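Presented below is the structure to which this report refers.
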Amino acid sequence: MPQKRSLALRHALTVVKLLVGGLIIGWLAWHAQQNDKFHELVAGEKRWGMLLLAFLGACFTTALSFLRWRIVALAAGVPLSVGEALRLGSLGFTLNFVSPGSVGGDLFKAAVLARDRPGRRTAAITTVVVDRALALVSLLGFAAFGFLFVRRFGPPLPMDAQVAGWIAVGVAVGAPLVLAVLLAPGVVSPALISRVQRLPLVGGVLSQSLWCWSDYRAGARYLFMALGMCVVGHLVLVSCYYLVAKGLPLESPGWLAHAFMVPFACLSGSIPIFPAGLGAVEGTLDYFYQWFGAGFGNGSFVAFGYRLVTVCVACITAPYYLTHQALVKRTLAEVESQPEAA
């Protein structure tokens with residue numbers, strides 16, 4: 002009975018997430034339509050070459066993220082072939098679209114990897130956590146880079162933009178220092194792990210990651226390789242948003258401004274209440290666009306345009322997903338039956 006109540010609660014939360022995301026998208030679209038933005042977008046001339054380049058860039062960043070996860074797994078001492086990384090990455094990526102707000106692609110990948118490697122179960126689960134942490138550092142590094150250049154050479158920024166920018170600078174400077182300290186021998190001790198485990202919400206996952214940290218320390222070169230792949234991937238990601246912006250008949254800021262804005266928009270999409278970031282990314286980018294003089298609704302249309310680009314990428318991975326329904330359903334059933342693990 003408790004398990005059924007837990008499943009019912011999770012399904013109810015999924016419905017709430019979809020409603021919240023849909024309401025935000027609907028409100029943005031309605032407000033833009035009131036200002037004729039939608040008609041301007043439909044009737045205006047599109048630069049299809051730019052949009053095609055954005056699609057190719059999205060394909061590249063998606064494949065690179067699958068391979069980056071493999072490098073993180075190697076850092077943890079978890080064997081993962083290129084083929085398996087591409088296979089599980091494709092399934093997880095597609096799952097984010099067909100099952101929004103429920104079992105995400107990262108959880109699916111972790112579940113399959115842990116199940117197939119019983120001797121390295123904990124390490125396998127932590128690979129997706131470490132992969133996301135590296136991506137977070139890289140994203141905020143780009144935000145800091147864009148902020149400093151815009152602050153020096155661009156128009157004056159409002160106070161909230163200044164606060165966001167300096168936070169990004171602080172994380173970009175502090176995160177590598179924290180990583181260097183953690184990689185030093187003897188720093189990660191059982192006492193430290195015990196304290197971390199008592200943290201609310203994230204204590205369990207972080208303590209498991211720290212228990213496996215000796216493996217990551219031994220494979221530090223793979224971690225730095227994965228971080229480098231993050232930088233390359235996010236360079237292309239920012240460029241994809243910029244290409245979508247320039248491919249649409251809308252007023253939009255330059256590339257450096259996108260380097261500042263896009264990371265924050267992407268991070269807002271990771272807030273749990275929004276399914277696959279629906280609504281959050283669009284709303285955040287639209288708000289940031291107005292910092293640089295763009296009209297209301299422009300940023301949301303650019304973000305939604307990039308979302309459509311990723312849907313096109315998912316159409317490439319969808320056939321593989323459809324032919325491996327047995328694996329997907331079995332894994333989802335296992336995760337649903339263990340809500341505490343999820």
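Number 229 in the numbering used here belongs to position 228 of the sequence shown; there are no gaps in the numbering.
Even glycine gets a Cβ: it sits at the ideal position worked out from N, Cα and C.
All values reported here derive from a predicted model rather than from experimental measurement.
Check your understanding: Just to confirm, are residue 252 and residue 296 a CB contact at a threshold of 8 Å?
Key -> Taking the sequence shown and counting its residues from 1, the one referred to as residue 252 is at position 251. Taking the sequence shown and counting its residues from 1, the one referred to as residue 296 is at position 295. Cβ distance < 8 Å, so residue 252 and residue 296 count as in contact.
**Study point:** Selection from 69, 56, 50, 47 that minimises the alpha carbon distance to residue 238
**Key:** Against the sequence shown, residue 238 aligns to sequence position 237. Closest by alpha carbon: 56.
Point to revise | Cβ shell of residue 52 (< 6 Å), same chain only, five flanking positions each side left out | key: The residue you call residue 52 lines up with position 51 of the sequence shown. Excluding positions up to five away in sequence, the list reads 248.
Check your understanding: Since residue 196 is in the alpha helix (DSSP H), which residue starts that stretch and which ends it?
Key -> The residue given as residue 196 occupies position 195 in the sequence shown. Boundaries of the alpha helix (DSSP H) harbouring residue 196: 191 to 198, taken from the DSSP string.
Review point. If we ignore side chains and look at the alpha-carbon of each, how far apart do residue 213 and residue 77 end up?
Key: To locate residue 213, count along the sequence shown from 1; it is residue 212. To locate residue 77, count along the sequence shown from 1; it is residue 76. In a straight line, the C-alpha of residue 213 is about 7 Å away from that of residue 77.
Check your understanding: Which residues bound the alpha helix (DSSP H) around residue 324?
Key -> As a first step, residue 324 is located in the sequence shown; it is residue number 323 there, counting from the start. No residue range can be given for residue 324, since it is assigned to no alpha helix (DSSP H) and is classified by DSSP as neither H nor E.
Point to revise | Meets three-Cβ-pair contact criterion under 8 Å: the region 297 to 305 and the region 80 to 95 | key: Here the region 297 to 305 does not lie against the region 80 to 95, with fewer than 3 beta-carbon pairs under 8 Å apart.
Review point. Near residue 317, which residues of its chain fall below 8 Å by C-beta distance, leaving aside the five closest residues on each side in sequence?
Key: Locating residue 317 in the sequence shown gives position 316, counting from the first residue. Short of 8 Å from the beta carbon of residue 317, and not among the five residues preceding or following it, lie these beta carbons of its own chain, in chain order: 60.
Exercise for review: Would you tell me roughly how many angstroms separate the C-alpha atoms of residue 173 and residue 258, rounded to the nearest one?
Suggested key: Your numbering for residue 173 matches position 172 in the sequence shown. Your numbering for residue 258 matches position 257 in the sequence shown. If I take the Cα positions, the gap works out to 17 Å.
Review point. Taking the alpha helix (DSSP H) that residue 352 falls in, what are its first and last residues?
Key: Residue 352 falls outside the range modelled here, since the chain spans only 2 to 343, and no answer is possible.
Review point. Between residue 243 and residue 290, what straight-line distance do the alpha-carbon atoms span, to the nearest angstrom?
Key: As a first step, residue 243 must be located in the sequence shown, where it is residue number 242. As a first step, residue 290 must be located in the sequence shown, where it is residue number 289. CA-CA distance, residue 243 to residue 290, rounds to 12 Å.
Point to revise | Contact set for residue 113: own chain, Cβ-Cβ below 7 Å, skip 5 residues either direction | key: Within the sequence shown, residue 113 is the residue found at index 112, counting from 1. In chain order, 89, 332 place their CB closer than 7 Å to the CB of residue 113, counting only its own chain and leaving out the 5 sequence neighbours on each side.
Review point. What is the rounded straight-line gap between the Cα of residue 218 and the Cα of residue 163?
Key: As a position in the sequence shown, residue 218 is number 217, starting the count at 1. As a position in the sequence shown, residue 163 is number 162, starting the count at 1. Near 35 Å, if we compare the C-alpha coordinates of residue 163 and residue 218.
Review point. Does the Cβ-Cβ distance between residue 131 and residue 210 come in under 8 Å?
Key: Residue mapping note: residue 131 aligns to position 130 of the sequence shown, counting from 1. Residue mapping note: residue 210 aligns to position 209 of the sequence shown, counting from 1. When the beta-carbon positions are compared, residue 131 and residue 210 come within less than 8 Å of each other.
Review point. Quick one, are the C-beta atoms of residue 126 and residue 227 less than 8 Å apart?
Key: Position 125 of the sequence shown, counted from the first residue, corresponds to residue 126. Position 226 of the sequence shown, counted from the first residue, corresponds to residue 227. Contact flag unset, no.
Point to revise | Unbroken alpha helix (DSSP H) run spanning residue 145, endpoints | key: For this step, residue 145 is matched to residue 144 along the sequence shown. It spans 122 to 154 - the alpha helix (DSSP H) in which residue 145 sits, taken as one unbroken run.
Check your understanding: With burial defined as no fewer than 16 other Cβ atoms inside 10 Å of the residue's Cβ, what is the status of residue 323: buried or exposed?
Key -> Taking the sequence shown and counting its residues from 1, one reaches residue 323 at position 322. Only exposed fits residue 323, as fewer than 16 other CB atoms lie within 10 angstroms of its CB.
Practice item. Starting from the C-beta of residue 235, find all residues in its chain whose C-beta is less than 7 Å away, skip the five residues before and the five after it, and write them out in chain order. Key: On the sequence shown, position 234 is the one that residue 235 refers to. Around residue 235: 139, 140, 143.
Practice item. Can you give me the Cβ contacts of residue 245 inside the same chain, cut-off strictly under 8 Å, excluding the 5 residues immediately before and after it? Key: The residue you call residue 245 lines up with position 244 of the sequence shown. The residues are 51, 52, 55, 303, 306, 307, 310.
Point to revise | For residue 45, the nearest candidate out of 121, 250, 201 (CA to CA) | key: Stepping through the sequence shown from its first residue, residue 45 is reached at position 44. The residue from 121, 250, 201 with its alpha-carbon nearest to that of residue 45 is 250.
**Study point:** Proximity test, Cβ basis, 8 Å: residue 314 and chain D
**Key:** Reference to chain D is not applicable here, since this structure consists of a single protein chain.
Check your understanding: Who are the Cβ neighbours of residue 300 in its own chain at under 6 Å, not counting the five residues just before and after it?
Key -> Within the sequence shown, residue 300 is the residue found at index 299, counting from 1. Only 286, 287, 290 meet the Cβ criterion.
Check your understanding: Do residue 108 and residue 329 come within 8 Å of each other at the CB atom, strictly closer than that value?
Key -> As a first step, residue 329 must be located in the sequence shown, where it is residue number 328. As a first step, residue 108 must be located in the sequence shown, where it is residue number 107. Going by C-beta atoms, residue 329 is not nearer than 8 Å to residue 108.
Check your understanding: According to DSSP, is residue 47 helix, strand or coil?
Key -> Stepping through the sequence shown from its first residue, residue 47 is reached at position 46. Note: residue 47 maps to coil in three-state DSSP.
Exercise for review: Give me the Cβ distance between residue 169 and residue 148, rounded to the nearest whole Å; I'm assuming they're in contact under 8 Å.
Suggested key: Along the sequence shown, read from residue 1 onward, the residue named residue 169 stands at position 168. Along the sequence shown, read from residue 1 onward, the residue named residue 148 stands at position 147. A Cβ-Cβ separation of about 6 Å places residue 169 in contact with residue 148 under the 8 Å criterion.
**Study point:** 7 Å Cβ shell around residue 313 - same chain, five flanking residues per side excluded
**Key:** As a working note, residue 313 is residue 312 in the sequence shown. Closer than 7 Å at Cβ, skipping near neighbours: 56.
Practice item. Give me the Cα-Cα distance between residue 135 and residue 49, rounded to the nearest whole angstrom. Key: Position 134 of the sequence shown, counted from the first residue, corresponds to residue 135. Position 48 of the sequence shown, counted from the first residue, corresponds to residue 49. Inter-residue distance for residue 135 and residue 49 is about 33 Å (C-alpha atoms, whole angstroms).
**Study point:** The alpha helix (DSSP H) enclosing residue 280, as first and last residue numbers
**Key:** Stepping through the sequence shown from its first residue, residue 280 is reached at position 279. From DSSP, residue 280 is part of no alpha helix (DSSP H); its letter is neither H nor E.
Exercise for review: Specify, as a first and last residue, the run of the alpha helix (DSSP H) that residue 118 falls within.
Suggested key: Looking up residue 118 in the sequence shown gives position 117. No alpha helix (DSSP H) contains residue 118, which DSSP labels as neither H nor E.
Practice item. Give the DSSP-derived three-state secondary structure of residue 268 in the structure shown. Key: Your numbering for residue 268 matches position 267 in the sequence shown. Residue state, collapsed to three classes: helix.
**Study point:** Best match in 264, 268, 229 for proximity to residue 65 [C-alpha to C-alpha]
**Key:** On the sequence shown, position 64 is the one that residue 65 refers to. Of the listed residues, the one whose Cα sits closest to residue 65 is 229.
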